[in-house]
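A.B. asks:
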Amino acid sequence: MKFKIKRNLLLKHINRANKGIASKSPQYILRGLYIEVLDDRIRLTGSNQSLRIETEILAENNDDLQIESVGTSVVDAKIVTDIIRRMSNENVTFELIDQKTVHIFDEDTEFKVQLSFENDYPIVQKGGFENDFSMSAEVFSDVLRDVLFAISKLEIQVVMTGVNLRFERGKIYFIATDSHRLSQRVIDAPEVNSSFSVIIPGSNLNVLLNLLEDETEVKMSVNDSLALFSFADYSFYSRLINEKYPDTDAVFPKEFNTVVKADTHEWFQAVERAAIISSGNSSNMITFSIDEDNKKIVLSGVSDKEDSYKEELPFSELTGDNLSVHFNANFMLDALRAYGEGETTFRFTTNRGALTLENENFEDSFMQLVTPIITYD
Numbered sequence: 039m040k041f042k043i044k045r046n047l048l049l050k051h052i053n054r055a056n057k058g059i060a061s062k063s064p065q066y067i068l069r070g071l072y073i074e075v076l077d078d079r080i081r082l083t084g085s086n087q088s089l090r091i092e093t094e095i096l097a098e099n100n101d102d103l104q105i106e107s108v109g110t111s112v113v114d115a116k117i118v119t120d121i122i123r124r125m126s127n128e129n130v131t132f133e134l135i136d137q138k139t140v141h142i143f144d145e146d147t148e149f150k151v152q153l154s155f156e157n158d159y160p161i162v163q164k165g166g167f168e169n170d171f172s173m174s175a176e177v178f179s180d181v182l183r184d185v186l187f188a189i190s191k192l193e194i195q196v197v198m199t200g201v202n203l204r205f206e207r208g209k210i211y212f213i214a215t216d217s218h219r220l221s222q223r224v225i226d227a228p229e230v231n232s233s234f235s236v237i238i239p240g241s242n243l244n245v246l247l248n249l250l251e252d253e254t255e256v257k258m259s260v261n262d263s264l265a266l267f268s269f270a271d272y273s274f275y276s277r278l279i280n281e282k283y284p285d286t287d288a289v290f291p292k293e294f295n296t297v298v299k300a301d302t303h304e305w306f307q308a309v310e311r312a313a314i315i316s317s318g319n320s321s322n323m324i325t326f327s328i329d330e331d332n333k334k335i336v337l338s339g340v341s342d343k344e345d346s347y348k349e350e351l352p353f354s355e356l357t358g359d360n361l362s363v364h365f366n367a368n369f370m371l372d373a374l375r376a377y378g379e380g381e382t383t384f385r386f387t388t389n390r391g392a393l394t395l396e397n398e399n400f401e402d403s404f405m406q407l408v409t410p411i412i413t414y415d
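Read left to right, the sequence shown gives residues 39 to 415 (my numbering).
1. Keeping to the same chain, check which residues put their C-beta closer than 6 Å to that of Asp287; ignore five residues upstream and five downstream.
2. If the criterion is Cβ atoms closer than 8 Å, does the pair Leu264 and Ser179 meet it?
3. Count the other CB atoms, across all protein chains shown, that sit within 10 Å of the CB of Val162; report buried if there are 16 or more and exposed otherwise.
4. Rounded to a whole number of angstroms, what is the C-alpha to C-alpha distance between Ile121 and Leu48?
5. Find the nearest neighbour of Val297 within the set Thr383, Asn368, Ile213, Val260, judged by alpha-carbon distance.
6. Does Asn295 come out as helix, strand or coil in the three-state DSSP assignment?
7. Which same chain residues, not among the five before or five after Glu145, have their C-beta less than 7 Å away from its C-beta?
8. Can you look up Asn366 in the DSSP assignment and give me helix, strand or coil?
9. On the DSSP bridge assignment, give the partners of Asp114 in chain order.
10. What three-state label does DSSP hand Thr199 in the structure shown?
11. Mark Leu374 as exposed unless 16 or more other C-beta atoms lie within 10 angstroms of its C-beta, in which case mark it buried.
12. Start and end of the beta strand (DSSP E) containing Phe404?
13. Quick one: is Thr83 buried, meaning 16 or more other Cβ sit within 10 Å of its Cβ, or exposed?
14. Using three-state DSSP, classify Val236 as helix, strand or coil.
15. For Leu96, name the three-state secondary structure that DSSP assigns.
16. Taking the runs of the alpha helix (DSSP H) that are 4 residues or longer, which of them lie wholly in the segment 224-290?
17. Measuring CA to CA, which of Thr119, Met125, Ile412, Ser111 is closest to Lys138?
18. Could you give the C-beta distance for Phe369 and Val408, rounded to a whole number, given that I count them as a contact under 8 Å?
19. Using the beta-carbon count (16 or more within 10 Å), is Pro32 buried or exposed?
20. Looking at the secondary structure, which residues open and close the alpha helix (DSSP H) in which Ser63 lies?
21. If you check the beta carbons only, do Val363 and Pro410 fall under 8 Å apart?
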């Protein structure tokens, strides 16, 4: 195995593959960077037990890469990354010697690094992928951001640490919930002509999100155990969570007692102010007091030290019953931040029932739900 390459180009792709490596993986070989040198390309792979990132550099019509001989090797990711980062010349040469040593050199500097991994890097079954669909990376990134904040951080709720992608004819539902809140985006996908559902770990999707570039297209396909995202010169594999996702359609209320329409940004700023005080209480609780009779809404909060906050909120429409209801300030901030701007409709049930949110900029393609904090005073 031997090739010569522009140092910065190699470093860029090493950094990409490194995002898939867990430095303390119990599977020792997965702490390494897998390098495959083929006749027409170099493929770098970083993997852990949950995801796999492959990135390729093509040799055809590429003066930045010259392949002299093919082969494979698993190298210490940290050492090789540090070497390539600190070498000073424009080009570097990689050479595998006797399957035991990697020789990395340029005109002035050379390193010889002993291999500490057996060359038995796990392979991934690349067959059986189906149910393809494609969308722009920009749209896909936006959708992921709109739901990922709502996944559970508790590993005991394994199914809720993932995002449910539910495919129905012509549509894809992206759903995340931690049982206290829920975020659901729906996008049109004319190429989807069957119905199925998969759950992808949210931690993996966060890694994917950091790799996406807006100007590219993302193609997704699935098999029995993996989701594959292909874009630019990447192949990103994620394991699936093999459990049944909760029936989230059933949690959205069908009837509402109080409806408010208000500017998203104005309410977001008000909740930020309330959170200064509410962060000082154990449940980060804020209170919406809705007085339909006097057309008045007051947001308030109290800390455990009895610091207090109160503000009258602006709104464009208020109908229904009087209501006093408590929410976690961070949950409300996350929900409003996801919408960003425009007018949001808040549909309240009771002080014990879920709040449903929709925003005018998304019509019915982006719905959220936040459950209240129930008090007994």
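By construction, the Cβ of each residue, glycine as well, lies at the ideal position given by its N, Cα and C atoms.
C.D. replies: Looking at the coordinates:
1. Closer than 6 Å at the Cβ level, and outside the excluded window around Asp287, lies no residue.
2. No; because the gap between Cβ atoms is not below 8 Å, this pair is not in contact.
3. Counting every other CB atom within 10 Å of its CB across the protein chains shown gives Val162 a total below 16, marking it as exposed.
4. Rounded to whole angstroms, Ile121 to Leu48 spans 11 Å at the Cα level.
5. Per the Cα distances, Thr383.
6. Shown here, Asn295 sits in coil according to DSSP, grouped into three states, outside any helix or strand.
7. Excluding residues within five positions, the ones whose Cβ falls inside 7 Å are Asn127.
8. Asn366 falls in the strand class under three-state DSSP.
9. Beta-bridge pairing links Asp114 to Gly70.
10. DSSP places Thr199 in the helix class (H, G or I) of the three-state scheme.
11. Classification of Leu374: buried, given that the 10 Å Cβ count is 16 or more.
12. Start and end: 404-408.
13. When all chains shown are included, Thr83 counts as buried.
14. Annotated three-state conformation of Val236 is strand, per DSSP.
15. Three-state result, Leu96: strand.
16. Taking only runs of at least 4 residues, the alpha helix (DSSP H) segments lying wholly in the segment 224-290 are 240-249.
17. Per the Cα distances, Ser111.
18. The beta carbons of Phe369 and Val408 sit about 5 Å from each other, so the pair counts as a contact at 8 Å.
19. The first residue shown for the chain is 39 and the last is 415, placing residue 32 beyond what the model contains.
20. Premise fails: Ser63 is in no alpha helix (DSSP H) and is neither H nor E.
21. Contact annotation: Val363 and Pro410 have beta-carbon atoms nearer than 8 Å.
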